[in-house]
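K.L.:
The structure is given below, and queries will be raised subsequently.
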DNA sequence: GCCGTTTTCGGCCCGACTGTTTTCAGTCG
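Numbering (the numbering used here), first residue to last: 13 to 579.
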């Protein structure tokens with residue numbers, strides 16, 4: 013029984029308890045236990061006393077032990093006996109919670125999506141007390157798309173929408189300040205919806221402007237302070253919260269979450285005899301304090317500004333001393349992975365170089381694809397030499413900056429490398445990566461990676477797993493082994509900052525940092541505007557608690573070159 | 001169900017919106 017299964021079982025139990033109308037705190041306790049396990053980076057075999065973990069007590073520990081020893085949970089089995097298995101999925105229907113579903117089951121015998129649909133069609137649902145015609149209609153409508161709608165959306169899709177919405181909000185005169193909030197602001201890989209906080213002294217006008225400018229399928233809620241719509245794009249939900257200027261900082265904090273982070277903050281407030289809400293901090297005498305910024309809000313409790321990316325609800329409060337050292341965008345001195353028109357990029361060498369200078373970087377590496385990747389117009393050794401001349405020319409014209417000559421070289425399906433040692437030794441920086449034969453068995457994939465890692469000329473492995481968030485898992489390498497090899501041979505592993513990838517993922521980045529393997533955060537830009545991915549990349553790295561010292565492209569050119577030579 | 005050294009009982013974050021209600025329950029984040 014692995015950890016994932018245990019977490020899933022605890023969450024299943026919570027769902028069933030919800031349908032039983034159990035005490036909400038008891039339900040939350042099972043979810044909290046599941047989350048506590050998830051946050052703990054150890055594997056089950058490394059944990060000797062589970063009750064020592066905060067949030068796991070006698071009851072939940074018994075379930076876990078049962079699972080570990082017997083491979084099943086008596087508690088869950090009993091619940092499943094008692095409650096039809098068609099009911100828990102109904103909790104996913106918007107507007108239906110445990111109590112309503114329990115009532116449908118007890119009074120109408122509803123035990124599945126199908127029987128719920130029949131009950132609605134016969135008008136029985138509307139007749140129940142506490143239900144009505146509107147509720148029945150809404151359920152029927154939701155049932156039509158039940159099981160088809162994506163529950164979460166990948167960050168790269170939401171990023172496009174947020175960019176568009178930012179433009180739209182900029183145009184509304186009555187808005188004084190706004191920001192995206194929610195899990196997107198925390199740089200979660202996938203989110204359910206998008207949240208925006210808007211400061212305005214004229215909410216009526218803003219609401220009107222919003223509803224006239226947005227292209228939505230449906231308005232879900234439209235109150236004085238909250239407007240919620242389903243966008244045309246993929247039916248993605250966006251919530252807008254309208255607050256006064258004074259309330260903006262606390263509202264932004266509140267709606268950025270996470271939920272558990274807020275719970276911790278409120279506990280702290282309580283210890284001070286205060287009460288936090290989205291509108292400010294209420295004092296014992298009823299006065300409400302507001303703040304100019306989130307920084308000021310945190311400072312009220314003698315806390316440093318906790319970046320949204322690490323507001324997970326636990327760990328961050330134990331690691332406050334590490335916050336100043338967390339990697340941030342301004343630490344970045346270079347981008348080590350980008351493409352030009354020589355292969356499949358959209359801009360010339362000198363244009364990418366100039367864009368890096370505009371970013372304020374000290375150096376950068378041009379790393380076009382190698383000859384194997386024909387679809388991307390990969391470079392032969394001859395073309396590489398020609399490209400180097402262009403790079404040298406650029407450096408002569410820009411003495412304050414250094415453009416290095418590199419490659420993103422393919423690791424071929426048979427495990428050989430696309431360039432021989434002589435070609436590689438001519439280059440300043442050699443990236444090796446896999447772009448083909450993803451479905452090989454793990455053993456073969458690892459053989460290919462090993463071949464690259466042990467070659468003295470290879471400096472870095474790019475997007476080490478090949479995943480695309482929400483779309484494909486990649487080629488499934490044994491990452492702990494990969495990290496061990498990177499350590500052994502002194503290689504860099506990449507955090508590819510393209511929001512499609514974010515590869516390595518958080519957990520693996522933490523693992524790599526613990527092992528002392530250096531990380532490079534690179535945009536893999538194929539066009540100038542993609543250099544902006546460095547921002548999401550550094551934020552994502554914060555989630556793995558990476559520090560400046562872990563990241564090679566925060567180093568000066570001199571330190572970087574020294575590292576490459578002696579590694 | 002979990003937690004706690006002023007606690008082993010009594011809390012557990014707080015508020016908006018909707019749809020059902022004549023004052024509030026359920027859901028949601």
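Quick reminder that beta carbons are idealized off the backbone N, C-alpha and C, glycines included.
Fair warning: this is a prediction, and the values are worked out from it, not measured in the lab.
1) Within the continuous beta strand (DSSP E) that includes residue 108, where are the two ends?
2) Can you find the residues in the same chain that come closer than 7 angstroms, C-beta to C-beta, to residue 442, ignoring five residues on each side of it along the sequence?
3) With burial defined as no fewer than 16 other Cβ atoms inside 10 Å of the residue's Cβ, what is the status of residue 372: buried or exposed?
4) Starting from the C-beta of residue 78, find all residues in its chain whose C-beta is less than 8 angstroms away, skip the five residues before and the five after it, and write them out in chain order.
5) If I measure Cβ to Cβ from residue 233 and keep anything under 6 angstroms in the same chain, skipping five residues before and after, which residues do I get?
6) Going by DSSP, which residues form a beta bridge with residue 255?
7) Out of 543, 574, 569 and 515, which has the shortest C-alpha to C-alpha gap to residue 556?
8) Less than 8 angstroms between the CB atoms is what I'm expecting for residue 13 and residue 105, so what's the real figure, rounded?
9) Pair every Cβ in the region 209-227 with every Cβ in the region 146-153, then say whether three or more of these pairs are closer than 8 angstroms.
10) Which residues in the same chain have their Cβ closer than 7 angstroms to the Cβ of residue 320, if we skip the five residues on either side of it in sequence?
11) With distances taken Cα to Cα, identify the nearest neighbour of residue 194 among 264, 554 and 564.
12) Which of the three DSSP states, helix, strand or coil, is assigned to residue 53?
13) Is the separation between the beta-carbon of residue 27 and that of residue 114 shorter than 9 angstroms?
14) Is residue 509 near residue 482, with beta carbons less than 9 angstroms apart?
15) Among 47, 307, 247 and 366, which one has its Cα closest to the Cα of residue 204?
16) Who are the near neighbours of residue 231 in its chain, counting only those whose CB is closer than 6 angstroms to its CB and skipping five residues on each side?
17) How many Å lie between residue 476 and residue 50 at the Cα?
18) So residue 266 packs on residue 274, CB below 8 angstroms; how close in whole Å?
19) Would you mind sorting residue 137 into buried or exposed? The rule is 16 or more other CB atoms within 10 Å of its CB.
20) Leaving out five residues on either side along the sequence, give the residues of the same chain with a beta carbon under 6 angstroms from the beta carbon of residue 75.
21) Report yes if the CB atom of residue 110 is closer than 9 angstroms to the CB atom of residue 210, and no otherwise.
22) What's the gap between the Cα of residue 559 and the Cα of residue 337?
23) Taking the alpha carbon of residue 23 as the reference point, which residue from 72, 393, 60 and 171 has its own alpha carbon closest?
P.N.:
In short, the structure shows the following:
1) Unbroken run through residue 108: none, as it is neither H nor E.
2) 418, 419, 421, 436, 469, 470 and 471
3) exposed
4) 84, 85, 86 and 87
5) 240
6) 211
7) 515
8) Incorrect: roughly 31 angstroms between the Cβ atoms, too far for contact.
9) No, they do not touch.
10) 197, 198 and 268
11) 264
12) coil
13) When the beta-carbon positions are compared, residue 27 and residue 114 stay at least 9 angstroms from each other.
14) no
15) Considering only alpha carbons, the answer is 247.
16) 241
17) 23 angstroms
18) 6 angstroms
19) Buried is the call here.
20) 85 and 87
21) Here residue 110 is not near residue 210, since their CB atoms are 9 angstroms or more apart.
22) C-alpha separation (whole angstroms): 6 angstroms.
23) Residue 72 is the option with its Cα nearest to residue 23.
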